[in-house]
Amino acid sequence: MLVKNVMSKPVFTVAPTATVVEAARIMKDEKIGCLIVVKSAGNPVGIVTESDFLRKILAENKTLQTPVEEVMTTDIKTIGEEETIEQAAKMMTLHRIRRLPVIAEGKLSGIVTLKDVVKAKKVNGESEYYPSFT
């Protein structure tokens, strides 16, 4: 099964200059665990997660007005829409991450999470997708 069949859309994004409190509000309102940080052209330059908030804001005593670019992870790993979910799982395991922004034709098109990968299950040698799995 391909990443494009299980990825989540739309992708929620934030500008590097947004404050961490603005980012946290978006994450809370949308019930998501991360935001992709994008420049004006929409190209991903980082990712900010709940873990980043804990490790970089609370542990380093930063203020809520700190720009996202100061706490985001910049070594962002991405995957293509045409890659398989098995490849996504391998990347997540190798890099010890739970989320991969999905790129199509050089642009951000979705995000695939560990939860998305778990939903996809091999049955009789063919991949099936179980959207009701939680």
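Note that the numbering used here gives residue 964 to position 61 of the sequence shown, counting from 1, and the numbers run on in steps of one. A virtual CB, placed ideally from N, CA and C, is assigned to each residue, including glycine.
Spatial neighbours of residue i within its chain, please: CB distance less than 7 Å, with the 5 preceding and 5 following residues excluded, ordered by chain position.
i     : result
V1026 : Model confidence at V1026 stands at a pLDDT of 42, short of 50, so the residue's coordinates are unreliable; what they give is reported in the following sentence. So the list is empty, once near-sequence residues are dropped.
G945  : K1010 and L1011
H998  : K980
A926  : V917, L938, V951 and V971
L967  : T922, V923 and V924
Considering Cα atoms alone, identify which of the options is closest to residue i.
i    : options                    : result
L961 : V924, M995 and L1003       : V924
L905 : E986, K942, T952 and D932  : E986
S943 : N964, A1007, T969 and A921 : A921
I929 : E963, V948, E953 and R958  : E953
The beta strand (DSSP E) spanning residue i covers which residue range?
i     : result
T1065 : Not covered by the structure: residue 1065. The range shown for the chain is 904 to 1037.
L1011 : K1010 to T1016
A1007 : R1002 to A1007
If you follow the alpha helix (DSSP H) that residue i is part of, which residue opens it and which one closes it?
i    : result
R928 : V923 to E933
L938 : It is not in any alpha helix (DSSP H) - L938 instead sits in the beta strand (DSSP E) that spans C937 to V941.
L997 : I988 to H998
Spatial neighbours of residue i within its chain, please: C-beta separation below 8 Å, excluding the five flanking residues on both sides.
i     : result
V1020 : V909, I988, A991, A992 and M995
D955  : V974, M975 and T976
L957  : none
K965  : V923, K959, E973 and V974
Please state whether the Cβ-Cβ distance between residue i and residue j is less than 7 Å.
i    : j    : result
P919 : V951 : no
Would you say residue i touches the ligand GDP, meaning its beta carbon is less than 6 Å from a heavy atom?
i     : result
K1018 : This structure simply doesn't include the ligand GDP, nor any ligand for that matter.
Near residue i, what residues of its chain come up, given a Cβ to Cβ distance below 6 Å and the 5 sequence neighbours on each side ignored?
i    : result
E933 : F915
V948 : V940 and K942
Next on the checklist: I want to know whether the stretch 1009-1020 touches the stretch 906-920 - three or more CB-CB distances under 8 Å.
Outcome noted: yes
Item to check | Touch test, the stretch 936-946 against the stretch 912-920, Cβ-Cβ under 8 Å, three pairs minimum | outcome: yes
Item to check | Validate contact between the stretch 969-982 and the stretch 1000-1011 using beta carbons, cut 8 Å, 3 pairs | outcome: yes
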